[in-house]
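Q: This is the structure I want to talk about, given as structure tokens.
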Amino acid sequence: MIKALLLSTLIIVLGLLAMGCSEKNTFINWTYPDGKYKALIMSYDDGLDDDIALAQLFDRYGIIGTFHLNSGLLDTRAIWNEGKPNEILQTYLSKDTLVHVFKNHEIAVHGTYHKALVGLSDKEILEEINIDIENLTILSDRKISSMAYAFGSTNDHVAEVIGTTPLTNARTVKSSYNFDLPEDYYLWNPTCHDSEALEYLEAYISLDSPSLSLFYVWGHSWEFRDTLRNQNISKFCSEIGLRDDIWYISAGDFADYHASLKALEIGPKQIVNPEGNGVVYYREKGQLKSLDPGQRLTH
Ligand SMILES: [Zn+2]
């Protein structure tokens, strides 16, 4: 009996300690830019020419997409599942129109040749990914920060290897079914695939909480050749787009902003935004404020 009492007291004390710690790190008073608490990432794989119509749909509703490309397959055609009932002719995007097609969107990595990374040596993983980064950097003249694992193929070790590249984040295909911010940016589980996104739409639109959340959707634009799927993504974008309370953002810029929040030096009496960090935003007594790099906040 005494043992049980001691044990339950210990559990309560540990619980309170854990709550105190997590409260310090949940950035509950911090906001996204413009004072928003909600964010949307739309992440699309494979770089086929169906991306053009999807990027245009996103543009219509102020949504920013992250498009994961296989640079070694650009400018080619392929037959997938040849001879099977689900045979499909695929046309990859052309290199010379990438920047135009993705003018308002992020260009990101999906491996040079769409290889499954689990089972490859570290050297082979790095070659598949680093060459894709190099190619896309040259083609776009942009900084390449984000990745999605081809076939969703990853594990702790692969993620560790990806963490040694210049990339800041890599998406899995494992649904979290929640609106939480990720714990591991190299094993970043999206909320859900777009075929399930309508089921979460209403919950996210009506969410009204002063803590940071994220709705992260992934998929393939070539699946929208199906009429019903096409109607569904159009409905999703028209309802979630152009809202004042949602930050439409690429995976790379989202990861950078969250990294800036995590880099704040939070002490008992002051919060310092270190030099070289990004600008961060917060609300104080309802007022939206920002903390620039090098600035401190005392309380
Ligand atoms: Zn893929």
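The sequence shown: position 210 = 210 (the numbering used here), numbered continuously. Note that the Cβ used here is the ideal one computed from N, Cα and C, for glycine as well. Please read these numbers as outputs of a predicted model, since none were measured by experiment.
(1) Return yes when at least one heavy atom of ligand 1 lies under 7 Å from the C-beta of S193, else no.
(2) Can you give me the C-alpha to C-alpha distance between M38 and L74, rounded to a whole angstrom?
(3) Tell me, which residues are paired with I246 by DSSP?
(4) Residue range of the beta strand (DSSP E) that T66 falls in?
(5) Under DSSP, the beta strand (DSSP E) around R296 begins and ends at which residues?
(6) Per DSSP, what are the beta-bridge partners of F215 in this structure?
(7) Straight-line CA distance for S140 to K269?
(8) Helix or strand or just coil, what does DSSP make of R171?
(9) Express the C-alpha separation of S211 and I260 in angstroms, rounding to a whole number.
(10) Considering only residues of the same chain and omitting the five flanking positions on each side of I144, which have a CB-CB separation below 7 Å?
(11) Any contact of the stretch 207-223 with the stretch 181-193, i.e. 3+ C-beta pairs under 8 Å?
(12) Could you say which of L288, L297, H299, D59 lies nearest to G35 if we only look at CA atoms?
(13) May I ask whether a heavy atom of ligand 1 can be found less than 7 Å away from the beta carbon of A150?
(14) Between the Cα of L95 and the Cα atoms of N70, S195, V279, H105, which residue gives the shortest distance?
(15) Figure out for me which residue from S250, N277, S290 has the closest Cα to the Cα of S146.
(16) At a cut of 8 Å, does the stretch 222-236 reach the stretch 194-201 through at least three beta carbon pairs?
(17) Are the CB atoms of A255 and T168 nearer to each other than 8 Å?
(18) Got a sec? Which residues, its chain only, sit under 7 Å from D245 by beta carbon, not counting five neighbours each side?
(19) Any heavy atom of ligand 1 closer than 7 Å to the CB of D46?
(20) Which residue marks the beginning of the beta strand (DSSP E) containing Y282, and which one marks its end?
(21) Excluding the 5 residues preceding and the 5 following P33 in the sequence, name in chain order all residues of the same chain whose CB lies nearer than 6 Å to its CB.
(22) Are there any heavy atoms of ligand 1 lying less than 7 Å away from the beta-carbon of N105, as far as the coordinates show?
(23) Since I believe L201 is in contact with V161 (beta carbons under 8 Å), could you give me their beta-carbon distance rounded to a whole number of angstroms?
(24) Among the residues of its own chain, which have a CB less than 7 Å from the CB of H220, if the five just before and after it don't count?
(25) From which residue to which residue does the beta strand (DSSP E) around S290 run?
(26) Here's the rule: buried if 16 or more other CB atoms are within 10 angstroms of the residue's CB, otherwise exposed. What is V158?
(27) Using 8 Å as the threshold, is the C-beta distance between G278 and Y257 below it?
(28) Anyone know if the C-beta pair for D50 and W247 falls short of 8 Å?
(29) Flag H110 as yes when its Cβ comes closer than 7 Å to any non-hydrogen atom of ligand 1, and as no otherwise.
(30) Using the beta-carbon count (16 or more within 10 Å), is L242 buried or exposed?
(31) State the CB to CB distance for the pair L117 and T154, rounded to an integer number of angstroms; the pair is presumed to be in contact (CB under 8 Å).
(32) Can you name, in chain order, every residue of its own chain whose Cβ lies under 6 Å from the Cβ of N86, other than the five neighbours on each side?
A: If we stick to the structure as given:
(1) Walking along the sequence shown from the start, residue 193 turns up at place 193. Before going further, note that residue 193 is His rather than Ser in the sequence given. Not under cutoff, so the answer is no.
(2) Here residue 38 refers to the residue found at position 38 of the sequence shown. Here residue 74 refers to the residue found at position 74 of the sequence shown. It should be pointed out that residue 38 corresponds to Lys in this sequence rather than to Met. Approximately 34 Å between the Cα atoms of the pair.
(3) For this step, residue 246 is matched to residue 246 along the sequence shown. In the DSSP output, where bridge partners are listed per residue, I246 has K38.
(4) As a working note, residue 66 is residue 66 in the sequence shown. Counted as a single uninterrupted DSSP element, the beta strand (DSSP E) harbouring T66 occupies residues 65-69.
(5) Along the sequence shown, one-based indexing puts residue 296 at 296. Start and end: 296-298.
(6) If you number the sequence shown from 1, residue 215 lands on position 215. L40.
(7) Here the question's residue 140 lines up with position 140 in the sequence shown. Here the question's residue 269 lines up with position 269 in the sequence shown. When the Cα atoms are used, S140 and K269 turn out to be separated by approximately 45 Å.
(8) Within the sequence shown, numbered from 1, the residue matching residue 171 stands at position 171. Strand at R171.
(9) In the sequence shown, the residue the question calls residue 260 occupies position 260. In the sequence shown, the residue the question calls residue 211 occupies position 211. For the sequence presented, residue 260 should be read as Ser rather than Ile. Distance from the CA atom of S260 to the CA atom of S211, rounded to whole angstroms, is 16 Å.
(10) Counting from 1 along the sequence shown, the entry for residue 144 is found at position 144. Answer for I144: I107, A108, V109, I133, L136, T137, listed in chain order.
(11) Note that the stretch 207-223 touches the stretch 181-193; at least 3 beta-carbon pairs, one per stretch, sit closer than 8 Å.
(12) Within the sequence shown, the letter at position 35 stands for residue 35. Comparing Cα positions, the closest option is L288.
(13) Stepping through the sequence shown from its first residue, residue 150 is reached at position 150. Answer for A150: yes, Cβ within range of ligand 1.
(14) Mapped onto the sequence shown, residue 95 falls at position 95. What sits at residue 95 in the sequence shown is Lys, not Leu. Among N70, S195, V279, H105, the Cα nearest to that of K95 is on N70.
(15) The count along the sequence shown starts at 1 and reaches residue 146 at position 146. Answer by Cα proximity: S250.
(16) Touching, yes, given that three or more Cβ pairs across the two stretches are closer than 8 Å.
(17) The residue labelled residue 255 in the question sits at position 255 within the sequence shown. The residue labelled residue 168 in the question sits at position 168 within the sequence shown. Inclusion of A255 and T168 in the CB contact set at 8 Å is warranted, their separation being smaller than that value.
(18) Residue numbering aside, residue 245 sits at position 245 when the sequence shown is read from its first letter. K36, K38.
(19) Mapped onto the sequence shown, residue 46 falls at position 46. Flag set: Cβ of D46 near ligand 1.
(20) On the sequence shown, position 282 is the one that residue 282 refers to. 280-284 is the span of the beta strand (DSSP E), which, as asked, contains Y282.
(21) Position 33 of the sequence shown holds residue 33. Y281.
(22) By 1-based counting over the sequence shown, the position of residue 105 is 105. Sequence inspection shows His at residue 105; the Asn mentioned does not correspond to that position. Within 7 Å of the C-beta of H105 there is not a single heavy atom belonging to ligand 1.
(23) Working through the sequence shown from its first residue, we reach residue 161 at position 161. Working through the sequence shown from its first residue, we reach residue 201 at position 201. No, V161 and L201 are not in contact; Cβ-Cβ is about 36 Å, not under 8 Å.
(24) Translated into positions along the sequence shown, residue 220 becomes position 220. Listed in chain order, the non-local C-beta contacts of H220 below 7 Å within the same chain comprise Y44, D45, D46, local neighbours out to five positions each way being set aside.
(25) The sequence position of residue 290 within the sequence shown is 290, counting from 1. Residue range 287-291 is occupied by the beta strand (DSSP E) that includes S290.
(26) Taking the first residue of the sequence shown as position 1, residue 158 is located at position 158. Under this definition V158 is a buried residue.
(27) In the sequence shown, counting from the first residue as 1, residue 278 sits at position 278. In the sequence shown, counting from the first residue as 1, residue 257 sits at position 257. The answer is yes: Cβ separation under 8 Å.
(28) Counting from one through the sequence shown, the residue named residue 50 turns up at place 50. Counting from one through the sequence shown, the residue named residue 247 turns up at place 247. In this structure, W247 does not lie closer than 8 Å to D50 by Cβ.
(29) Translated into the one-based positions of the sequence shown, residue 110 becomes position 110. If you check the C-beta of H110 against ligand 1, you find a heavy atom less than 7 Å away.
(30) Within the sequence shown, the letter at position 242 stands for residue 242. Label assigned to L242: exposed.
(31) Locating residue 117 in the sequence shown gives position 117, counting from the first residue. Locating residue 154 in the sequence shown gives position 154, counting from the first residue. That pair is a contact at about 6 Å.
(32) Numbered from its first residue, the sequence shown carries residue 86 at position 86. Here the set comprises nothing.
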